[in-house]
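S.K.: For what it's worth, the UniProt record's numbering labels the leading residue of the sequence shown as 1, then goes sequentially.
C-beta: ideal position from N, C-alpha, C; glycine also.
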Amino acid sequence: MIGILVTGHGEFPSGISSTVKMFFEDTTGYRYVDFKEGMNLMAYQDMVIEQIRELKKENSAVLIITDLFGGTPFNQAMMVAQEENYVDVITGLCLPVLMEAMMLRESATNTKDLIASLQETFITSFIDGNNLLNK
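#1: Quick one: grab the DSSP three-state call for residue 81.
#2: Let me make sure I understand the geometry here. Which of 77, 122 and 84 has the alpha-carbon closest to that of residue 158?
#3: Residue 63 by DSSP, collapsed to three states: which one?
#4: Rank 44, 57 and 96 by C-alpha distance to the C-alpha of residue 73 and give the top, closest one.
#5: Would residue 133 be called buried (16 or more neighbouring beta carbons within 10 Å of its own) or exposed?
#6: Give the DSSP bridge partners of residue 72, in chain order.
#7: Could you check where the alpha helix (DSSP H) with residue 15 kicks off and where it finishes?
#8: Return the chain-ordered list of same chain residues with a C-beta closer than 7 Å to the C-beta of residue 104, the five sequence neighbours on each side being excluded.
#9: Assuming contact is defined by CB atoms lying nearer than 7 Å, are residue 59 and residue 1 in contact in what I supplied?
#10: For the putative contact between residue 65 and residue 6, defined by C-beta atoms under 8 Å, what is the C-beta separation to the nearest angstrom?
#11: Should residue 95 and residue 67 be called a contact, given that it needs their Cβ atoms to be closer than 7 Å?
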């Protein structure tokens with residue numbers, strides 16, 4: 001199984017995680033870390049590393065999903081991924097992608113295949129409601 005770590009700015013990770021718990025009874029192998037305003041960068045980095053280590057204990061790999069390309073959570077995740085070959089990072093966190101990751105992580109053989117599926121989900125889940133209304 002692939003462990004999933006969600007991280008991002010403010011309480012976005014904990015907020016989206018509360019929604020995940022509404023849909024998935026078992027969230028084993030899923031964790032999140034909020035990067036709150038005013039948080040010490042070293043403390044945040046330590047929390048991220050701690051969660052990755054915990055996820056690695058029970059999973060073959062860890063996929064970190066961040067909210068924003070170039071933001072502190074993304075940059076910190078990339079630093080860890082550079083050091084740990086079992087960690088991969090994607091950005092652009094949204095609920096459809098996260099739910100798909102939760103559904104596919106048990107059957108995915110590696111993070112590369114999982115990421116390819118999630119990229120497709122990201123594209124197909126972006127819907128312009130005006131087109132549905134013929135506006």
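M.R.: Checking against the coordinates, here is how it stands:
#1: Your numbering for residue 81 matches position 81 in the sequence shown. Looking at residue 81 - three-state DSSP - the assignment turns out to be helix.
#2: The first residue shown for the chain is 1 and the last is 135, placing residue 158 beyond what the model contains.
#3: Translated into positions along the sequence shown, residue 63 becomes position 63. Three-state DSSP puts residue 63 in a strand.
#4: Residue numbering aside, residue 73 sits at position 73 when the sequence shown is read from its first letter. Nearest C-alpha to residue 73: 44.
#5: Within the sequence shown, the letter at position 133 stands for residue 133. Counting Cβ neighbours within 10 Å, residue 133 comes out exposed, since fewer than 16 surround it.
#6: The residue labelled residue 72 in the question sits at position 72 within the sequence shown. In DSSP, residue 72 forms no bridge with anything.
#7: Working through the sequence shown from its first residue, we reach residue 15 at position 15. Unbroken alpha helix (DSSP H) run through residue 15: 12–23.
#8: Taking the sequence shown and counting its residues from 1, one reaches residue 104 at position 104. Excluding sequence neighbours, residue 104 sits near 114 and 117.
#9: Position 59 of the sequence shown, counted from the first residue, corresponds to residue 59. Position 1 of the sequence shown, counted from the first residue, corresponds to residue 1. Closer than 7 Å, so yes.
#10: For the purposes of this step, residue 65 is taken as residue 65 along the sequence shown, with counting starting at 1. For the purposes of this step, residue 6 is taken as residue 6 along the sequence shown, with counting starting at 1. That belief holds up - the Cβ atoms of residue 65 and residue 6 are roughly 5 Å apart, short of 8 Å.
#11: Position 95 of the sequence shown holds residue 95. Position 67 of the sequence shown holds residue 67. Not closer than 7 Å, so no.
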